[in-house]
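Q:
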Amino acid sequence: MFAIDHAATALLIKRRYPSVPIAPILISVQAMELAWVILNFLGVERTTTESTVLSVSDIHLAYMPYSHSIGTPIIAALAAWLIIEKGFGRVALGRAVGIGILSHLILDLLTHAHDIVFWPGLTSPKLGLGLYAVAPWAAFVIEFVYGILCWAVYRGSRSLLALIVICNLANLSFFSASIPGPENYLAGRPLLLVTIILIQIVVTLVLTGILARRTAPGSSARPLFGHRVAAGSAS
Ligand SMILES: [Zn+2]
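According to this note's numbering, the sequence shown is numbered sequentially starting from 125.
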């Protein structure tokens with residue numbers, strides 16, 4: 125799933141846990157992708173492209189067992205939840221961050237090609253519904269609708285809706301080989317792709333966090349930085 129729609133997931137979680145500041149939720153929903161960026165830059169994980177890149181189906185997340193396996197984000201989510209909730213007594217924060225980390229795995233499984241293994245070291249089976257590889261347009265529609273659904277549940281402002289719509293439309297050329305776009309320049313330049321995704325992550329997280337402060341007239345959504353939840357209670 126593309127960056128803006130992972131960021132939009134933070135709106136759902138914020139709605140469920142209104143007392144939790146949105147900043148840690150935003151980081152949690154992209155924790156797997158941030159790990160992927162770092163590990164690609166370090167050369168531990170690897171991305172490849174076809175000799176010509178016309179759409180997302182020409183980009184291959186060839187090796188990413190640490191950032192994007194089934195097991196590692198589950199363990200990361202459990203560890204974050206245990207440390208924050210059981211260690212520091214921040215119940216709502218622990219649950220929000222744990223759910224945020226897991227949300228990324230679930231959403232990627234729905235859209236990715238078959239590139240998610242169970243655990244580092246295992247080469248098969250590789251999971252992922254395969255939409256990016258065989259039906260990119262379906263992936264685009266699903267991501268677009270999902271992003272707007274997150275906004276609707278959050279009861280966000282029009283500016284937040286505009287951000288979600290614009291960022292989804294900005295990705296349009298990635299979903300269709302017949303629509304030219306910047307992806308053409310990514311052939312043979314996987315680290316350029318990683319850099320662009322890092323920029324997308326940062327921009328979408330920051331703007332979502334800023335615009336989530338504003339809520340639609342009459343909405344009961346709480347402010348961005350609400351009160352801390354009392355220790356031992358969930359909100
Ligand atoms: Zn991902």
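Built from N, CA and C at the ideal position, the CB exists for glycine as well.
Could you tell me whether the stretch 271-280 touches the stretch 219-234, where touching means 3 or more Cβ pairs closer than 8 Å?
A: no
Q: Flag this pair as touching only if the stretch 170-184 and the stretch 296-316 have three or more C-beta atom pairs under 8 Å; answer yes or no.
A: yes
Q: Give the residues whose C-beta lies closer than 7 Å to at least one heavy atom of ligand 1, in chain order.
A: Met-125, Met-156, Glu-157, Trp-160, His-192, His-228, Asp-232
Q: Tell me the residue span of the beta strand (DSSP E) that contains Arg-170.
A: Translated into positions along the sequence shown, residue 170 becomes position 46. Run containing Arg-170: 170-173, per the beta strand (DSSP E) assignment.
Q: Quick one: what's Ile-183 bridged to in DSSP?
A: To locate residue 183, count along the sequence shown from 1; it is residue 59. Partner(s): Thr-173.
Q: My output table needs one value for Val-221: the three-state DSSP class, helix, strand or coil.
A: Here residue 221 corresponds to residue number 97 of the sequence shown, with the count starting at 1. Val-221 falls in the helix class under three-state DSSP.
Q: Looking at C-alpha atoms only, which residue of Glu-157, Asn-164, Phe-126, Ala-131 is the closest neighbour of Val-149?
A: As a working note, residue 149 is residue 25 in the sequence shown. The sequence shown places Ile at residue 149, rather than the Val named in the question. Looking from the CA of Ile-149, the closest CA among Glu-157, Asn-164, Phe-126, Ala-131 belongs to Ala-131.
Q: Using 10 angstroms around the beta-carbon of Gly-211, count the other beta-carbons present and answer buried if the total reaches 16, otherwise exposed.
A: If you number the sequence shown from 1, residue 211 lands on position 87. That one is exposed.
Q: Go ahead and label Arg-219 buried or exposed: buried means 16 or more other beta carbons lie within 10 angstroms of its beta carbon, across all protein chains shown.
A: Numbered from its first residue, the sequence shown carries residue 219 at position 95. Under this definition Arg-219 is a buried residue.
Q: Pro-189 to Leu-166, Cα distance in whole Å?
A: One-based indexing of the sequence shown puts residue 189 at position 65. One-based indexing of the sequence shown puts residue 166 at position 42. If I take the Cα positions, the gap works out to 14 Å.
Q: If you drop the 5 nearest sequence neighbours on each side, which residues of the same chain put their C-beta closer than 8 Å to that of Gly-245?
A: On the sequence shown, residue 245 is found 121 positions in, with the first residue counted as 1. Same-chain partners within the cutoff: Pro-189.
Q: Looking at Gly-312: is its Cβ nearer than 8 Å to the Cβ of Ile-288?
A: Here residue 312 corresponds to residue number 188 of the sequence shown, with the count starting at 1. Here residue 288 corresponds to residue number 164 of the sequence shown, with the count starting at 1. Their beta carbons are not under 8 Å apart, which means Gly-312 does not touch Ile-288 by this criterion.
Q: Report all residues from its chain with a CB closer than 6 Å to the CB of Arg-214; omit the five preceding and five following residues, and keep chain order.
A: As a first step, residue 214 is located in the sequence shown; it is residue number 90 there, counting from the start. Non-local C-beta neighbours of Arg-214 in its own chain, meaning closer than 6 Å and more than five positions away in sequence, comprise Ile-208, ordered along the chain.
Q: Determine the contact status of Leu-251 and Leu-234, defining contact as a CB-CB distance below 8 Å.
A: Numbered from its first residue, the sequence shown carries residue 251 at position 127. Numbered from its first residue, the sequence shown carries residue 234 at position 110. Cβ atoms of Leu-251 and Leu-234: not closer than 8 Å.
Q: Anyone know if the C-beta pair for Ala-127 and Ile-334 falls short of 8 Å?
A: Within the sequence shown, numbered from 1, the residue matching residue 127 stands at position 3. Within the sequence shown, numbered from 1, the residue matching residue 334 stands at position 210. No, they are not a contact pair.
Q: Considering only residues of the same chain and omitting the five flanking positions on each side of Gly-195, which have a CB-CB separation below 7 Å?
A: The count along the sequence shown starts at 1 and reaches residue 195 at position 71. Excluding residues within five positions, the ones whose Cβ falls inside 7 Å are Phe-242, Trp-243.
Q: From which residue to which residue does the alpha helix (DSSP H) around Leu-317 run?
A: Numbered from 1 along the sequence shown, position 193 holds the residue referred to as residue 317. For Leu-317, the uninterrupted alpha helix (DSSP H) segment begins and ends at 314-335.
Q: Please report the straight-line C-alpha distance between Ala-204 and Ala-257, rounded to a whole angstrom.
A: Taking the sequence shown and counting its residues from 1, one reaches residue 204 at position 80. Taking the sequence shown and counting its residues from 1, one reaches residue 257 at position 133. Rounded to the nearest angstrom, the two C-alpha atoms are 32 Å apart.
Q: On a Cα-Cα basis, can you pick out the residue from Ile-146, Val-153, Ala-155, Thr-173 that is closest to Leu-315?
A: By 1-based counting over the sequence shown, the position of residue 315 is 191. Nearest option by C-alpha distance: Thr-173.
Q: According to DSSP, is Ser-193 helix, strand or coil?
A: Taking the first residue of the sequence shown as position 1, residue 193 is located at position 69. Three-state result, Ser-193: strand.
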